[in-house]
Amino acid sequence: MVEDWDLTGIRVLVTRPEPQASRLCQSIQERGGVAYNCPMIDITPLQPALPLAEWRRYDWLIFVSANAVRFALDVGMRPMADVRIAAIGPATAKVLEKAGFPVTCQAPAPYTSESLLTVPALREVAGQKLLIVKGQGGRELLQETLRDRGAEVSVAEVYRRTCPRQQAVERLHQVLSENITVVTATSGEILANLIKAANGMTGRLLQLPIVVVSERLADLAQCKGFTHIIIAASASDMAILKAIEQWRVAAAES
C-alpha cells in the first residue's frame, strides 16, 4: 500500500546502493516526487574465507544487512537446523524469510547495531558461538560488544563496498546543477563518497537539506559542513519518505 504522502515538486537525490536505490526512487515517484538515482557506493561479492560447511557449527547467524543475506545466498547458503537467526531490521528479515530462514529476532527501530544489541536474546550469549555475516570493513561495535558479553564471535564477509562508478559521479554533477530539493545518505561511507564526488560543487551540496538515518550520521554530516539535517527514524524506505514529507510540511508552514 502506498502511504498517502504527497511529494509533488520534491526532487530527491538518492545515494544508496543498488538494488535499494531503484526501490527508493520508485517509491518517491509513486508519491509525485522526482528521484535522481546516483549510488555513491557500489556493492560487489566476496567469497567468504569461512567455508559454508562451517556455518552450521554456530549457535547464531547474525545478518547486518539485506545485502549480506543476498550475497550469502549467492555463495550457496541454505537453511540450517538448530541455528538461530538474527536480522538487523525488517528489510533483512524479509529477505531471510523469503529464502526459508526463520528469523529468531530482529533489531527494533532504528535498526542499527546499537538497537540489535538491546534484543534480550543477544544479551545472554556467554559461551555461545556467533557468526556475523556482513560486508568487508565497517563498524566493529557489534562483534566487540558480543565478545565482551562472553560470546565466541566470528565474521563472514560476503561483499565489499567500493567507490561509486564514474557514471554516477558524472550524474551527480549534472544533478547538482539542477534544482535539487533534498539529499539522502544512509551510511557514513556514502556520505564521505558523496562529498568527495561533488568535487568542485561541494558548496552547492552543503547548502542542501540532507536526510540521514541516525543521530551518529547527523553528527557526521554536521562535521562535514551540512547545516540543514533531517533525521529519519531508520534506513527503511518508508522512514526516509516520511522524514521528507514531514520536512516538506514544516518548510511550507514556516
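Count the sequence shown with this note's numbering and you get residues 2 to 255, in order.
Ideal Cβ placement from N, Cα and C applies to all residues, glycine included.
Keep in mind it's a predicted model, so treat the numbers as computed, not measured.
Short of 8 Å in beta carbon distance, which residues of its chain neighbour residue i, apart from the five on each side in sequence? Order them along the chain.
i	result
A251	none
A69	T93, V134, K135, G136, V159, Y160
A259	A query on residue 259 cannot be resolved here, the shown segment of the chain reaching from 2 to 255 and no further.
L8	I29, R32, G33, G34, L242, I245, E246, R249
What residues in its chain sit with their C-beta under 7 Å from that of residue i, if we drop five residues either side in the sequence?
i	result
R166	D43
K95	none
L97	F64, V70, I86, A88, V104
A198	M41, P165, V170, L173
F102	P80, I86
Give the C-beta separation of residue i and residue j to the nearest angstrom, bearing in mind that I take them to be a contact with Cβ-Cβ under 8 Å.
i	j	result
I63	I133	5 Å
L47	R162	The Cβ separation is near 10 Å, so there is no contact.
R17	P40	7 Å
I245	I230	Actually they do not touch by this definition, with Cβ atoms about 13 Å apart.
S116	A122	Going by Cβ atoms, the distance from S116 to A122 rounds to 13 Å, so no, they are not a contact pair.
L143	S114	4 Å
S28	L195	Rounded, the Cβ-Cβ distance is 20 Å, inconsistent with contact.
Would you mind reading off the limits of the alpha helix (DSSP H) that contains residue i?
i	result
T163	It is not in any alpha helix (DSSP H) - T163 instead sits in the beta strand (DSSP E) that spans 153 to 163.
W6	No alpha helix (DSSP H) holds W6; DSSP gives it neither H nor E.
R24	21 to 31
T146	142 to 149
W56	Here W56 belongs to no alpha helix (DSSP H), and DSSP marks it neither H nor E.
V176	167 to 177
R85	R85 -> not in any alpha helix (DSSP H); beta strand (DSSP E) instead, spanning 85 to 88.
Nearest by alpha-carbon distance to residue i: which of the options is it?
i	options	result
Y59	G204, Q208, L131, R148	L131
R32	I196, I11, T228, T16	I11
V274	L74, P91, R57	Residue 274 is absent from the structure shown; the chain starts at 2 and stops at 255.
G77	L53, E216, A236	L53
R140	P91, A67, I196, R217	R217
A222	T203, F72, C26, I29	T203
L51	L209, M239, L242, V154	V154
Q21	W248, R249, M239	M239
Is residue j closer than 8 Å to residue i when the C-beta atoms are compared?
i	j	result
V214	T187	yes
L177	R205	yes
V15	T185	yes
S235	A67	no
W61	Q129	yes
S237	P49	no
Which residue comes first and which comes last in the beta strand (DSSP E) that contains residue i?
i	result
Q136	Before going further, note that residue 136 is Gly rather than Gln in the sequence given. Segment 130 to 136, the beta strand (DSSP E) holding G136.
N68	No beta strand (DSSP E) holds N68; the alpha helix (DSSP H) holding it covers 67 to 75.
V13	12 to 15
D43	43 to 46
T185	183 to 185
V96	Segment 91 to 99 is the alpha helix (DSSP H) holding V96; no beta strand (DSSP E) there.
N38	35 to 38
Please list, in chain order, all residues of the same chain as residue i whose beta carbon is under 6 Å from its beta carbon, the five residues on each side excluded.
i	result
G226	L207
G189	L221
Y37	L14, V176
Would you say residue i reaches chain D, if we count a Cβ-Cβ gap shorter than 8 Å as a contact?
i	result
A169	The structure shown contains no chain D; it holds only a single protein chain.
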